[in-house]
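Take the sequence shown: its letters are residues 713 to 1243, numbered as in this note's numbering.
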Amino acid sequence: MLFPVVLSALAGYCFLQLWKYFWGAHASFLRRIPSPEGGSLILGNLREVLASRNDPDAVHERWFQQCGPTLSYRGIFATRHLLTTDTKAISHVLFNADDYPKPDMTRKLLGEVTGEGLLTVEGSQHKQQRKIMNPAFSHANIREFHEVFLDKAIQLQQIWTTECLKSPGKARIDTVPWLTRLTLDVITRTGFNHKIDSLNINDTHNEVHQALVELLRVANESRFMRVLCARFPVLKWIPNQGKARLQVIQDTLMCLGRQLLVEAKVAGEAEKADNKDLLSLLVRANVSPDVPVNQRMNEADVLSQVPTFLLAGHETTSTAVTWAIYYLCRYPNVQTKLRQELLAVSTGTPTMEELSALPYLDWVIKETMRVKPPVPSTIRVAAKDDVIPLHHPFRDTRGILHDSIPVKKGEMIDIPISALNRDESLWGEDAKEYRPERWEKSPEAVHAIPGVWGNMMTFLGGPRACIGYRFSIAEMKVILFTIVREFEMELAVPYEDIISKASAVQRPVLKSSPKDGPQMPIFVKIYQREG
């Protein structure tokens, strides 16, 4: 008798939850906002998004052309998502971070890859961690890392020079693995005072490099099942090889993290502790008398930053530099103009200040990060009922004009990073073109974009803006200075064959061989200087 009762209760509970789910979606004001056509009952408009992973920007831009700057689209089981490029609305969401955290599902998916670090925590826990970690990413501390940036960039330049000398005239090089190795070496040195030298390809037993490569591969391959498990937790009991493999890799990284944390603590207890790596700075800041005991991070919180530093600290930067090289190859006039500026510097090992004085280098980096941000979009969820203000009013499906949008607790708000960065109403008619010269005098309208850097959304804005953006920009400048100054580069395949594929970040793959994974082959030739 007990089993039928339990089964009936379970069925009743499921029915109630589904009714609340569908009724909430049906009653939402978001239904009155213009929406793209099509979509299925189960996946809604997400089917279009999933079908366009080889061009993650195209769907949002197509929808905005159809519906205007503010729209809603259907998610799983008829749920509604708000999607807008309205700068006032985006600013409201980003600067009221406690009211608009990352959704639980997003945090869960991120946590499976990066660990439970700064990227995934919310509320008071995020404020606590951010406050303690901020000093480690100051301009003064990043200056301490400049020599590491130079050492590793020069090491890569020497490797590519050797490859060129082996070949008649020019060498074919896949930029993706080399730049990934470089930025991984940088983050392990600057992040943990730990040398792994993954640029040394003769070291085939580099556990950290192998673990991170495998982590990204497995995370991408198991993405669909991980999304389902995050959305429907009951599915986690189904055997899942991808998830099991992710856990093994996470255990490897956490084991490394415990070792690094012990080393950082030992160094911090020394009489003259002067290690400048991020983890040591974090450990010292965490025990500073300026931080009340009840506001300090516990050991688990500190440890969880290790995989976050490793992944966020190298994957996004290597991807950004890869796309910069793509555009320099695609537009040789830009490459030539940049090289002329770099060759005017009298040394091959410039200071941070000397690099900061190079305007065209700055423009190239800004334009790359604008046109091809490593992360093309992100998402937030309303933690309470709220009203989002708009700069540009819209007419709903009944023809009524609105200058704000009421949202209910639990409704999703997408932040279309790429679309904002390439919005013609903000950047002008050539917004989708790659033109570094636009940064000589950027349009007045872009000042309304609430980004932490460069009037763009690449590093987001507000209390949850990317904490490491200064680090990333400084590293990119050193790498591009060293590479472009020494080499002439051209694509080794037609530019049409290189497409974006979104996983954790949007990386280049070849349309002709997508199963081979991220790659961007180029021809490299040593630049012959006059005289």
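Don't be surprised by glycine CBs; every beta carbon is placed ideally from N, CA and C.
(message) Can you tell me where the beta strand (DSSP E) holding residue 1091 begins and where it ends?
(response) As a working mapping, residue 1091 is identified with position 379 in the sequence shown. Here the beta strand (DSSP E) through residue 1091 covers 1090-1093.
(message) Would residue 1164 and residue 1138 be called neighbours here (beta carbons separated by less than 9 Å)?
(response) As a working mapping, residue 1164 is identified with position 452 in the sequence shown. As a working mapping, residue 1138 is identified with position 426 in the sequence shown. Their beta carbons are not under 9 Å apart, which means residue 1164 does not touch residue 1138 by this criterion.
(request) Measuring alpha carbon to alpha carbon, tell me which of 800, 755, 786 ends up nearest residue 1101. (result) Residue 1101 sits at position 389 when you count from the first residue of the sequence shown. That would be 800, whose Cα lies nearest to the Cα of residue 1101.
(message) Quick check: the Cα distance between residue 752 and residue 1174, rounded to an integer number of angstroms?
(response) Taking the first residue of the sequence shown as 1, we reach residue 752 at position 40. Taking the first residue of the sequence shown as 1, we reach residue 1174 at position 462. Their backbone Cα atoms lie some 35 Å apart in a straight line.
(request) Check residue 1202 in the structure and name its three-state DSSP category. (result) For the purposes of this step, residue 1202 is taken as residue 490 along the sequence shown, with counting starting at 1. Three-state result, residue 1202: strand.
(message) Could you give the first and the last residue of the continuous alpha helix (DSSP H) run that contains residue 878?
(response) Within the sequence shown, numbered from 1, the residue matching residue 878 stands at position 166. From DSSP, the alpha helix (DSSP H) with residue 878 extends over 851-878.
(request) Count the other C-beta atoms from every protein chain shown that fall within 10 angstroms of the C-beta of residue 974, then say buried if there are 16 or more, exposed otherwise. (result) Position 262 of the sequence shown, counted from the first residue, corresponds to residue 974. Exposed, by the Cβ-count rule.
(request) Throw me the rounded Cβ distance for the residue 796 and residue 818 pair, which I believe falls under 8 Å. (result) Counting from one through the sequence shown, the residue named residue 796 turns up at place 84. Counting from one through the sequence shown, the residue named residue 818 turns up at place 106. So it is not a contact: roughly 18 Å between Cβ atoms.
(message) In this structure, how does DSSP classify residue 804 when only helix, strand and coil are distinguished?
(response) The count along the sequence shown starts at 1 and reaches residue 804 at position 92. Helix, per DSSP.
(message) Taking 6 Å as the limit between beta carbons, can you name the residues of its chain near residue 757, skipping five residues before and five after?
(response) Residue mapping note: residue 757 aligns to position 45 of the sequence shown, counting from 1. Counting only Cβ-Cβ distances below 6 Å, and skipping sequence neighbours, we find 748, 751, 785, 786.
(message) For the alpha helix (DSSP H) containing residue 817, name the first residue and the last one.
(response) The residue given as residue 817 occupies position 105 in the sequence shown. Per DSSP, residue 817 belongs to the alpha helix (DSSP H) from 816-826.
(request) With hydrogens ignored, establish whether the beta-carbon of residue 1129 is closer than 8 Å to any heavy atom of the ligand ZN. (result) The ligand ZN is not part of this structure, which contains no ligands at all.
(request) Find out if the Cβ-Cβ distance for the pair residue 1278, residue 1019 is shorter than 9 Å. (result) A question about residue 1278 goes unanswered here, because the residues of the chain that appear run from 713 up to 1243.
(request) Answer yes or no: do residue 793 and residue 1130 have a C-beta to C-beta separation smaller than 9 Å? (result) Position 81 of the sequence shown, counted from the first residue, corresponds to residue 793. Position 418 of the sequence shown, counted from the first residue, corresponds to residue 1130. Cβ atoms of residue 793 and residue 1130: not closer than 9 Å.
(message) Tell me which residues share the same chain as residue 1013 and place their Cβ nearer than 7 Å to its Cβ, disregarding the 5 neighbours each side in the sequence.
(response) Stepping through the sequence shown from its first residue, residue 1013 is reached at position 301. These residues qualify, in order along the chain: 841.
(request) Quick one: give me the first and last residue of the alpha helix (DSSP H) that residue 785 is part of. (result) As a working mapping, residue 785 is identified with position 73 in the sequence shown. Not the alpha helix (DSSP H): residue 785 falls in the beta strand (DSSP E), residues 782-786.
(message) Looking at the secondary structure, which residues open and close the alpha helix (DSSP H) in which residue 839 lies?
(response) Here residue 839 corresponds to residue number 127 of the sequence shown, with the count starting at 1. Residue 839 -> alpha helix (DSSP H) spans 835-845.
(request) Can you give me the Cβ contacts of residue 1044 inside the same chain, cut-off strictly under 7 Å, excluding the 5 residues immediately before and after it? (result) Here the question's residue 1044 lines up with position 332 in the sequence shown. If we look at residue 1044 and ignore the five residues flanking it on each side, it has no Cβ neighbours.
(message) In this structure, how does DSSP classify residue 830 when only helix, strand and coil are distinguished?
(response) As a working note, residue 830 is residue 118 in the sequence shown. Residue state, collapsed to three classes: coil.
(message) Could you check whether residue 1214 and residue 1088 sit closer than 9 Å to each other, using their CB atoms as the reference points?
(response) Walking along the sequence shown from the start, residue 1088 turns up at place 376. Walking along the sequence shown from the start, residue 1214 turns up at place 502. Yes, Cβ-Cβ distance for residue 1088 and residue 1214 is below 9 Å.
(request) Would you identify the three-state DSSP class for residue 897, choosing helix, strand or coil? (result) Start at 1 with the first residue of the sequence shown, and residue 897 comes out as number 185. It is helical.
(request) Could you tell me whether the stretch 844-860 touches the stretch 1182-1200, where touching means 3 or more Cβ pairs closer than 8 Å? (result) yes
(request) Measure the CB-CB distance between residue 1236 and residue 779 and report whether it falls below 9 Å. (result) Start at 1 with the first residue of the sequence shown, and residue 1236 comes out as number 524. Start at 1 with the first residue of the sequence shown, and residue 779 comes out as number 67. No, the Cβ-Cβ distance between residue 1236 and residue 779 is not below 9 Å.
(message) Pairs of beta-carbons, one from the stretch 1118-1126 and one from the stretch 1079-1093, closer than 8 Å: are there three or more?
(response) yes
(request) Kindly identify the DSSP beta-bridge partner or partners of residue 1007. (result) Here residue 1007 is taken as the residue at index 295 of the sequence shown, counted from 1. The partner list for residue 1007 (beta bridge, DSSP) is empty, contrary to what the question assumes.
(request) Count the other CB atoms, across all protein chains shown, that sit within 10 Å of the CB of residue 762; report buried if there are 16 or more and exposed otherwise. (result) For this step, residue 762 is matched to residue 50 along the sequence shown. Classification for residue 762: exposed.
(message) Can you tell me whether residue 1215 is helix, strand or coil according to DSSP?
(response) Residue mapping note: residue 1215 aligns to position 503 of the sequence shown, counting from 1. Note: residue 1215 maps to coil in three-state DSSP.
(message) From the DSSP secondary-structure annotation, give me the bridge partner or partners of residue 902.
(response) Working through the sequence shown from its first residue, we reach residue 902 at position 190. For residue 902, which the question treats as bridged, DSSP gives no partner whatsoever.
(message) Taking a contact to mean a Cβ-Cβ separation below 9 Å, would you say residue 898 touches residue 1025 in this structure?
(response) Reading the sequence shown from its first residue, position 186 is the one you call residue 898. Reading the sequence shown from its first residue, position 313 is the one you call residue 1025. Yes, Cβ-Cβ distance for residue 898 and residue 1025 is below 9 Å.
(request) For residue 862, collect the residues of the same chain with a Cβ closer than 7 Å to its Cβ; drop the 5 residues on either side in sequence, then sort them by chain order. (result) Residue mapping note: residue 862 aligns to position 150 of the sequence shown, counting from 1. These residues qualify, in order along the chain: 1061, 1190.
(request) Give me the Cα-Cα distance between residue 850 and residue 993, rounded to the nearest whole angstrom. (result) Taking the sequence shown and counting its residues from 1, the one referred to as residue 850 is at position 138. Taking the sequence shown and counting its residues from 1, the one referred to as residue 993 is at position 281. Going from the Cα of residue 850 to the Cα of residue 993 covers about 11 Å.
(message) Using C-beta distances below 8 Å, list every residue in its chain close to residue 1073, excluding the 5 sequence neighbours before and after it, in chain order.
(response) Taking the first residue of the sequence shown as 1, we reach residue 1073 at position 361. Counting only Cβ-Cβ distances below 8 Å, and skipping sequence neighbours, we find 1050, 1053, 1054, 1067, 1189, 1192, 1193.
(message) Going by C-alpha to C-alpha distance, which of 919, 1046, 971, 901 sits closest to residue 677?
(response) What is shown of the chain runs 713 to 1243, which leaves residue 677 out entirely.
(message) What does the Cβ neighbour count give for residue 978, buried or exposed, with the cut at 16 atoms within 10 Å?
(response) Residue mapping note: residue 978 aligns to position 266 of the sequence shown, counting from 1. So residue 978 ends up on the exposed side.
(message) Do residue 1127 and residue 805 have their beta-carbon atoms positioned less than 9 Å apart in this structure?
(response) Reading the sequence shown from its first residue, position 93 is the one you call residue 805. Reading the sequence shown from its first residue, position 415 is the one you call residue 1127. Yes, these two residues count as a Cβ contact at 9 Å.
(request) Go ahead and pull the three-state DSSP assignment for residue 885. (result) If you number the sequence shown from 1, residue 885 lands on position 173. Looking at residue 885 - three-state DSSP - the assignment turns out to be strand.
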